[in-house]
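Okay, so here's the structure we're looking at.
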Amino acid sequence: MIAETVCSAVSAAGLGIAVVTAYRKRFLAAVRIAAYSLIPVGLVMTGVVEWLAGTAFSPTAWAGFGVLGLSWVLFVVTRSVERRRGGTRKERKAARAEATRPDAVAPAASAPSLGQGSRPATRPASTSRDDDDFSDIEAILKKHGI
63 MIAETVCSAV SAAGLGIAVV TAYRKRFLAA VRIAAYSLIP VGLVMTGVVE
113 WLAGTAFSPT AWAGFGVLGL SWVLFVVTRS VERRRGGTRK ERKAARAEAT
163 RPDAVAPAAS APSLGQGSRP ATRPASTSRD DDDFSDIEAI LKKHGI
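Going by the working numbering, the final residue of the sequence shown carries number 208, and the count climbs one at a time with no gaps.
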């Protein structure tokens, strides 16, 4: 009974706002507001509000909400895993096709990226202790393609 009264009041307030909006010559917005404000009365008239009030105290309904929450969590987890793997199947296929092109360039690169085979292998001899310290850093950078 209280829910029906609240829904009727919300609809009446919404229709009042729609009338004020129409008075200001914003007819499209006024019609849209009127459409939204009629939804609560329509829900009361169809019995949805009464059904929702009965559902609020049902343990089976709360278990159903728990299952819906679990499905939402699973959806979020799968989306995050998909993003870590590189997106959807179509995006991964496009990325593979892009990587197989010989003139592929990194997105932020200023010059075309070259494979390791096209660069001459000239490395200065590292005999000092400082060069040994930087060899680990150099290996990490090479591993990431930098």
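Just so it is clear, CB atoms sit at the ideal spot from N, CA and C, and this is done for glycine as well.
- Val259 and Glu66: beta carbons closer than 7 Å? Residue 259 lies beyond the range of the chain shown here (63 to 208); nothing can be said about it.
- Query: Starting from Met107 and walking both ways along the alpha helix (DSSP H), at which residues does that stretch end?
  - Reply: On the sequence shown, residue 107 is found 45 positions in, with the first residue counted as 1. Taken as a continuous stretch (DSSP letters only), the alpha helix (DSSP H) holding Met107 covers 89–108.
- Message: With a threshold of 8 Å, are at least 3 pairs of Cβ atoms found where one atom belongs to the segment 68–76 and the other to the segment 89–102?
- Response: yes
- Spatially closest choice to Thr94 from Leu77, Arg86, Thr108, by CA coordinates: The residue labelled residue 94 in the question sits at position 32 within the sequence shown. Thr is not the amino acid found at residue 94; the sequence shown has Arg there. Comparing Cα-Cα distances from Arg94 to each of Leu77, Arg86, Thr108, the minimum goes to Leu77.
- Is Ala125 near Thr117, with beta carbons less than 7 Å apart? The sequence position of residue 125 within the sequence shown is 63, counting from 1. The sequence position of residue 117 within the sequence shown is 55, counting from 1. In this structure, Thr117 does not lie closer than 7 Å to Ala125 by Cβ.
- Message: I need the DSSP call for Arg146, collapsed to helix, strand or coil.
- Response: As a first step, residue 146 is located in the sequence shown; it is residue number 84 there, counting from the start. In the three-state scheme derived from DSSP, where H, G and I count as helix and E and B as strand, Arg146 is classed as helix.
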